[in-house]
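For reference, the structure discussed in these notes is given below.
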Amino acid sequence: MRLKYLSFLPIVACLVACDQDELFNGNFSNNNTKNPSAISETEDYFIQKIGDVVLFEVDNSGLTALAKLTLDKQADWLSLNLGYQVLIEGHADEQGTRDYNLALGARRAQIVKEYLISRGVDPSNISIVTYGKERPVENCSAEVCWSQNRRAVTVVNALSKG
Amino acid sequence: MIRLYKLLFIVLFVFPCLSLAQEKPLRITITDGVVEPLPLAIPKFLSEIIGVKDIAKNISTLISEDLIKTGLFRIIPDEAHISRVTNFKSPVLFADWKAINAQGLISGAVTITKLKKKLCTDPRGCLVVKFKLFDIFSEKNIFVEGQKIYAAEPSEWRRLAHKIADDIYFNLTGEIGYFNTKVAFVSESGVKNDRLKRLAIMDYDGANVEFLTDQGDLVLTPRFSPDGSKIVYTSFKLGKPQVFLMDLKTRGTFVLDERSQMSFSPQFSPDGTTIVMSVVNDANTDLYTLDLNSGNRRRLTSGPAIETSPSFSPDGKRIVYESDRSGTQQLYVLPIGVGEGRRISFGGGSYGTPVWSPNGDLIAFTKKSGRRFHIGVMRTDGSEERLLTSSFLDEAPTWSPNGRVIMFFRDKAGSRGSSSIFSIDISGRNLRKIVIPNSGSDPSWSSLMN
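Protein sequences, first through last, are from chains A and B.
So the first sequence is residues 4 to 165, counted in the working numbering.
So the second sequence is residues 1033 to 1482, counted in the working numbering.
If you want it as structure tokens, here you go:
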């Protein structure tokens, strides 16, 4: 595992020292529960350096090559950093009916979940939710925004102790 | 004789689709063609005691508004009237109304009085409205009982006016009305990526908006029970979409099916005993029915496709729903308990949110073709498809109780875009925006209320 992680060194290099320590420590959930700011630092790291979002094509739940790259990184991180509850949110853009988009979001989230499991993430800590077209991140009615809204977001939360 | 001549002229030359039944002279038959509105006179209702003048005027004005909005009637302004109704019991001077070409006359009188039985909590007593409907050309009172009388709390004057308008509509068209009805909907505020949603109900015309939930939880797609006493809806209250049931009297709510990982898109059966909805099992969204009495759940569809937006036929024996098993969203009809869903939509584009009409003859739907969305209707075998609207996003049709009008919502494009609820006749005419304080979506039209 450690050897595999060497490939992330270029990314890690730009982080502050304590993040590096935590990354290679691989077990900071105990610390997190004691110190709320540490939670957000770790989650920020996941969001910004690993990437918590994968995007989808129109009316499609297939994983693109880029999405798989991101999910591979997520799987590696989650395999190293146990003690996290993972929630996959599936989203759709506004170009569809409400009900269908809820179903499509569920399908996207499930496909991400299955991919992460196939890459070694513990299935017992992953759940999914769909928001359909209800929670877009971008507001405009054009492909530049829609492409950002057709997404699955991997949300990590430290498991509480006990 | 004049009457017959006029009738022939109208039927044959001017408005081929307006027909006046011969045995009941004042009768407008609603068809899909162009209709010339029937001219009616509704003089200001009389106030029988001091202090009800405004309420009497408001009632007659609201009756006029209800009838005008149907597109079937024209109200002759009071200024054009020759005859003044000064006493509810006075004989009608038919010649004066004929002279201004009124075909029907509605007269009414209003009072507030204490009834023997304490029906009303208002200290002044009950609001009591008497009214009559006259056929001017045959010089007849249309109500066999001579007059009708309604009583209610003075605060419920709008409901009374809608009931009177429903009576007039029924007597002039032969079909039940849709004015004394409610609409459950989602009240929206905020921009698209920070939108707050609350469950609400309102009168069919947008008045009396009442919120049922606060804006803390995302809520979607409320649906009225057939008797109007409950709604089912989707809420994210527990962090994921789940179908909830709310009793409108007590406002009590509960999760319908805790076995479901996620559930949404609920609809009542016509007898109110069963809910049909979408349930997510892993990646797969299928249809289930849930018996409200026993809690028994029954799976209706299986397989990897998305099956959602179910709606019962009025006899409760079939459902229409959408599935993407062909590769695109299409409409299917499934006889419950017998065999497979049969596809009924074959036009270009994709189809969703089918809703069976109360008369059973039509299915309303949302259609996407290219980048436009439409509300349309088709027969239950998929034939005779007609698109009624077109915009950036029109969605979620719901039927008036008599199957003549459809409400839906329209979402505007762009970062400042918001949703509005509209109504349109199934003829494709008479598009009207329902004016409400905030934005609104996901309308569900109730049955006719008491």
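All C-beta atoms in this analysis are idealised placements derived from N, C-alpha and C, irrespective of residue type, glycine included.
Here the structure is a predicted model, which is why all the values come from computation and not from measurement.
Below 8 Å on C-beta distance, what does residue i contact in chain B?
i: A:D160; result: Here residue 160 of chain A turns out to be Asn, not Asp, going by the sequence shown. Residues of chain B passing the Cβ test: none, with the nearest at roughly 12 Å.
Considering only the alpha carbon of each residue, which of the options lies closest to residue i?
i: B:K1172; options: B:Q1135, B:P1155, B:A1141; result: B:Q1135
i: A:I50; options: A:V124, A:A155, A:V132; result: A:A155
i: B:S1267; options: B:P1298, B:V1308, B:R1411, B:I1144; result: B:P1298
i: B:V1160; options: B:G1222, B:A1396, B:F1077, B:P1433; result: B:F1077
i: B:A1315; options: A:N152, A:S130, A:R153; result: A:S130
i: B:L1463; options: B:V1365, B:L1480, B:P1469, B:F1440; result: B:F1440
i: B:I1458; options: B:A1239, B:P1475, B:M1410; result: B:M1410
i: B:F1217; options: B:G1414, B:I1181, B:P1254, B:N1225; result: B:P1254
i: B:M1278; options: B:L1270, B:F1256, B:Q1293, B:G1271; result: B:F1256
i: B:G1373; options: B:N1391, B:D1393, B:K1349; result: B:K1349
i: B:P1367; options: B:T1412, B:A1337, B:G1381; result: B:T1412
i: B:T1061; options: B:L1204, B:Y1383, B:Q1179; result: B:L1204
i: A:G54; options: A:D102, A:V61, A:L81, A:S64; result: A:L81
i: B:K1146; options: B:T1333, B:L1244, B:R1156, B:V1308; result: B:R1156
i: B:D1318; options: B:G1379, B:E1111, B:T1305, B:P1336; result: B:P1336
i: B:G1304; options: B:D1259, B:S1455, B:D1128; result: B:D1259
i: A:L74; options: A:D62, A:V115, A:N142; result: A:V115
Quick one: which chain A residues come within Cβ less than 9 Å of residue i?
i: B:M1294; result: L105, A109, I131, V132, T133
i: B:Q1274; result: In chain order: nothing, as chain A lies at least about 11 Å away.
i: B:E1354; result: T100, D102, Y103
I want to see whether chain A comes within less than 8 Å of residue i, judged by CB atoms only; does it?
i: B:T1398; result: yes
i: B:G1384; result: yes
i: B:L1288; result: no
i: B:N1470; result: no
i: B:L1250; result: yes
i: B:G1271; result: yes
i: B:Q1362; result: no
i: B:D1198; result: no
Since residue i is in the alpha helix (DSSP H), which residue starts that stretch and which ends it?
i: A:G108; result: 101-121
i: A:C148; result: 146-152
i: B:Y1201; result: 1189-1205
i: B:N1090; result: 1085-1101
i: B:D1259; result: No alpha helix (DSSP H) holds B:D1259; DSSP gives it neither H nor E.
i: B:K1130; result: 1126-1131
i: A:T73; result: 68-83
Would you please verify whether the beta carbon of residue i is less than 8 Å from any beta carbon of chain B?
i: A:P1; result: In the structure as shown, chain A begins at 4 and stops at 165. Residue 1 of chain A is therefore absent and cannot be evaluated.
i: A:F114; result: Contrary to the premise, residue 114 of chain A reads as Ile rather than Phe in this sequence. Closer than 8 Å to some Cβ of chain B, the Cβ of A:I114 qualifies, so yes.
i: A:E97; result: yes
i: A:N38; result: Any reading at A:N38 is ruled out, since the residue's pLDDT is 46, under 50, leaving its predicted position unreliable.
Find the residues of chain B that neighbour residue i, judging by a C-beta separation of less than 7 Å, and give them in chain order.
i: A:T67; result: What A:T67 touches in chain B: nothing, since even the nearest Cβ is about 17 Å away.
i: A:N142; result: V1223, K1224, N1225, S1447
i: A:I91; result: Under the 7 Å cutoff, chain B gives no residues; its nearest Cβ is about 11 Å from A:I91.
I want to verify the contact list: residues of chain A whose CB lies under 8 Å from the CB of residue i, in sequence order.
i: B:T992; result: With chain B represented from 1033 up to 1482, any question about residue 992 of chain B goes unanswered, as that position is not in the structure.
i: B:S1310; result: D102, L105, A106
i: B:S1341; result: T100, D102, Y103
i: B:I1338; result: Y103, A106, L107, R110
Taking the beta strand (DSSP E) that residue i falls in, what are its first and last residues?
i: B:K1400; result: 1394-1401
i: A:Q88; result: 87-94
i: B:L1319; result: 1316-1323
i: B:Q1274; result: 1274-1279
i: B:V1287; result: 1285-1287
i: B:A1141; result: 1136-1145
i: B:V1312; result: 1306-1313
i: B:V1290; result: Reading off the sequence, residue 1290 of chain B comes out as Glu, not Val. No beta strand (DSSP E) contains B:E1290, which DSSP labels as neither H nor E.
i: B:E1354; result: 1350-1355
i: B:G1384; result: 1382-1388
i: B:R1448; result: Per DSSP, B:R1448 belongs to no beta strand (DSSP E) and is neither H nor E.
i: A:Q98; result: Note, A:Q98: premise wrong, no beta strand (DSSP E); not H, not E.
Going along chain A, which residues have a C-beta under 7 Å from residue i?
i: B:S1297; result: D102
### Query
Which of the residues in the stretch 1422-1435 of chain B, read from start to end, lie with their CB under 8 Å from any CB of chain A?
F1424, L1425, E1427, A1428
### Positions along the stretch 1306-1336 of chain B whose CB lies within less than 7 Å of some CB in chain A
S1310, V1312, D1314, A1315, T1317
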